[in-house]
Amino acid sequence: MSFDSLTRRGALMGAGGLALASCTKAEVRHEPLPVPPGPFKHGVASGDPDQTSLVVWTAVTEPIEGEPVTLEMAGDAAFSTIVHSEALSPAGPAADSPATGRAVPYKALVTGLQAGTAYHYRFRHAGEVSPAGTTRTLPEGPVERFNIAAFSCSNYPAGFFNAYRAAADRDDVDLVVHLGDYIYEYAMGGYGTDRAERLSRLPDPMHEIVTVEDYARRHALYCLDPDLQALKAKAPWIAVWDDHETANDAHRTGAENHDFGEGNWTDRRDAALEAYYAWLPARRPEPAEARYGAVRIGDLATLLLVETRLLARTESLDWSSFPVAPGADPDDPAIARAVERWLAETVGDERRELLGAAQLSFVGDMLARSRAAGQPWRVFVNQVLMGRKTMPDYTTQTPLWLRLALRFKGGQVWETAQRSRFGVPMTLDDWDGFPAERERLYEAAKRADADFLVLTGDSHNFWCNDLHDASGERRGTEFGVTSVTSPSEFEYVNAPGVDFGQMTVDANPEVLRHEVYKKGYVHLTLTREAAEAEFVAVSTIESREFTTSTDSRWRVAASTGGPANPVERLA
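Each residue of the sequence shown is one higher than the one before, starting from 1 at the first, in the UniProt record's numbering.
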């Protein structure tokens, strides 16, 4: 995701926000939850399932030397029939925390399992038994229905993980997909930590994480969260990273939030990935940064996991490349030509990559195989928004009192508002900053005669986007998943009664829904006839007392080839 140098978030209205008509709330301080007793404080998890295998995971606090850590897997919750048992070795870097002691991660790839089958698993160490988890291999052959809960952007200090708890309380989640920004790298006082002290959700360590020991401690902190533990124990996970698992605005050769004083970028990236694979139930490819692939869900769907950060991504453009002053006259022909040339030649540079040639070729092959197999669905597990989105003109679409306030604020706030007059992308860090690569992806789908769905994270907003290629042909539907806790850029502008999301919809033919404040997740149900997406919102992230509601529901009918079917709103 894209952060600017002042707000640490690519805030719509710029640095420091714009506090307008704010209201005062009574401050409630939350006491930290007690750390669970015993060696299995960090819970259990499973992930990366296929038809015959999956990964199971736990961590052991202060393991006793000479005492094995043993996995048990059974076909029933009472563990009356053990189908697999093995002693485990440490999976990677331990986390040394002053609060909880030394925690060592363990995991195993369990093979030889039956397709479409539920299993129960637990771990033993020195006479202690872990909580039990439930997992399931992916189905083979005919599948009538499959349910996916999709999440993104879970910033521990920013609030409680109520979205995880809401999904854990459901009985219709077959698979959890995390779209990236599972952890954040910032220090206390950095992005997303405003409420950390009041909520007793301080980062650990307190400084920005750079070394493998730092990253392991940050992962371990997240694993102590009871709501995250509940969802990990409920169903298998598939996670892809975005940038904050390493550092903000990561790309192939560096990151915005990395400088020479923090050492070599490759060393930091490798440290982050070593901790990532040790502390998540994930298979490790070679090279480690090549976390992309395809996952079959019987004859119903293929999930296409893409990697858009570390393998091939060209460094994202920033607004310093914009060719004219923000206050220039957009009706001046010379000014308009300069902006058009910048969009075509700089933003649209054919050499700019997100996936790279090898990954694009793989995606094209998988799309073609899915169509040839007669699967009705192809679902991209994607990090950053794919749909076309230009900024609405905030100098004319906002009420006069807000325009005056923006102008009074000045600086980057007013520059952003002025730049919105030029019909430029809302951000340059997602697929809008790589339009040539997007067209290459769309062309691969067209060659395969394959429509698709896209599950996307990163933006901290809910989106429904109707995707079209440059010729205007519909390619698919994108469901943008809001954050678990991370702040929306629009939270920096307290403007009662101003519907920024509707402004985005009105300015963009591809955008059907843009909800800018709610936190939650997307529940996607696939059947042979249709895909339905429910945007599930939680009422608060500032208390563990919360309710859920449906922001909106969407349906796409399955296609038999050619252009994708349009999405319709159900609620």
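For each residue, glycine too, the CB sits at the ideal point set by N, CA and C.
Buried/exposed call for residue i, threshold 16 Cβ in 10 Å
i: A45; result: buried
i: N155; result: buried
i: F161; result: buried
i: D466; result: buried
i: S459; result: buried
i: A78; result: exposed
i: residue 600; result: No answer is possible for residue 600: the residues shown for the chain start at 1 and end at 571.
i: M206; result: exposed
i: F260; result: exposed
i: I64; result: exposed
i: N264; result: exposed
i: T111; result: exposed
i: R284; result: buried
i: A19; result: Note on A19: pLDDT 44, under 50, position unreliable in the model; the coordinate value appears next. So A19 ends up on the exposed side.
i: V55; result: buried
i: F408; result: exposed
i: E289; result: buried
i: V35; result: exposed
Helix, strand or coil at residue i [DSSP, three-state]
i: residue 575; result: Absent from the model: residue 575. The displayed extent of the chain is 1 to 571, so no value can be given.
i: V413; result: helix
i: K41; result: coil
i: D458; result: coil
i: R145; result: strand
i: F322; result: coil
i: P63; result: coil
i: V384; result: coil
i: A571; result: coil
i: S552; result: strand
i: I297; result: strand
i: K519; result: strand
i: S154; result: coil
i: R513; result: strand
i: R378; result: strand
i: A405; result: helix
i: R9; result: Reliability fails at R9, whose pLDDT of 41 lies under 50, so the model's placement of it is uncertain and no value is given.
i: G433; result: helix
i: P363; result: Per the sequence shown, the amino acid found at residue 363 is Val instead of Pro. Three-state DSSP puts V363 in a helix.
i: E473; result: coil
i: T525; result: strand
i: L441; result: helix
i: G501; result: helix
i: S53; result: coil
Between the CA atoms of residue j and residue i - distance to the nearest angstrom
i: V498; j: P330; result: 25 angstroms
i: K41; j: D204; result: 16 angstroms
i: Y492; j: V143; result: 45 angstroms
i: A220; j: G101; result: 11 angstroms
i: A118; j: G75; result: 7 angstroms
i: T560; j: I297; result: 18 angstroms
i: residue 584; j: R369; result: The first residue shown for the chain is 1 and the last is 571, placing residue 584 beyond what the model contains.
i: G423; j: T504; result: 12 angstroms
i: F546; j: W342; result: 47 angstroms
i: V210; j: E185; result: 8 angstroms
i: K232; j: D214; result: 23 angstroms
i: Q397; j: V511; result: 17 angstroms
i: A187; j: C153; result: 16 angstroms
i: A470; j: P563; result: 13 angstroms
i: D243; j: L179; result: 11 angstroms
i: E437; j: E443; result: 10 angstroms
i: G387; j: T482; result: 15 angstroms
i: W279; j: P236; result: 15 angstroms
i: P98; j: E529; result: 53 angstroms
Beta-carbon spacing of residue i, residue j below 8 angstroms
i: D267; j: N257; result: no
i: L526; j: A167; result: no
i: D48; j: A282; result: yes
i: L367; j: A271; result: no
i: S552; j: R513; result: yes
i: V60; j: H125; result: yes
i: R309; j: H251; result: yes
i: L311; j: Q359; result: yes
i: W377; j: A558; result: yes
i: A95; j: R201; result: no
i: H523; j: E515; result: no
i: T477; j: V567; result: yes
i: T395; j: Q418; result: yes
Chain D contact for residue i (CB, 8 angstroms cutoff)
i: K232; result: In summary, chain D is missing from the structure at hand, where a single protein chain is found.
Beta strand (DSSP E) segments (min. 3 residues) lying fully within the region 190–249: Within the region 190–249, the complete beta strand (DSSP E) runs of at least 3 residues fall at 237–239.
Runs of beta strand (DSSP E) wholly within the region 69–148 (minimum 3 residues, chain order): If only uninterrupted beta strand (DSSP E) runs of at least 3 residues are considered, those enclosed by the region 69–148 are 69–74, 82–88, 95–97, 101–110, 118–125, 133–136.
Quick one: which unbroken alpha helix (DSSP H) runs of 4-plus residues sit fully inside the region 261–311? Chain order, please. Entirely contained in the region 261–311, the alpha helix (DSSP H) runs reaching 4 residues are, in chain order, 265–279.
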